[in-house]
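Quick notes on the structure that follows.
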Amino acid sequence: MINKLTLIEFNVIKSNYKQKLLKRDTNLKESSDYIWNEIFLNTKVFNRKELLIKELENVSLEDVKGSYKTMFLDDRKLLSVHVSF
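Counting in the numbering used here, the sequence shown runs from 379 upward without gaps.
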């Protein structure tokens, strides 16, 4: 799945995500939801989109593949839930 992702496909995904981040809010509700979410979560990073765009430029396909491998393939933890009635 992710191992078959090409550099061209990866760059298209990055570009699409960047365009989504650059999209301006279309109404006051979107803007206020964003601001109140930052306040509610006590993060108060009001330039989060700009920071994400800056970091996005530094992310490589190999970074993503390595993180995926580490999170999902190398360290497989099992959650077992037993329900009795």
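Cβ atoms here follow ideal geometry from the backbone N, Cα and C, with glycine treated the same way.
- Taking one beta carbon from each stretch, the stretch 382-402 and the stretch 426-437 have 3 or more pairs nearer than 8 Å; the two touch.
- Straight-line spacing of the CA atoms in N389 and V461 works out to 45 Å.
- Between the stretch 436-446 and the stretch 379-388, the count of Cβ pairs shorter than 8 Å is three or higher; the stretches touch.
- Non-local beta-carbon contacts of L439 in its own chain, meaning distances under 6 Å to residues more than five positions away in sequence, involve L385, F388 in chain order.
- Across the structure, F424 and K407 are spaced so that their CA atoms are roughly 16 Å apart.
- A direct Cα-to-Cα measurement between W414 and L400 gives close to 19 Å.
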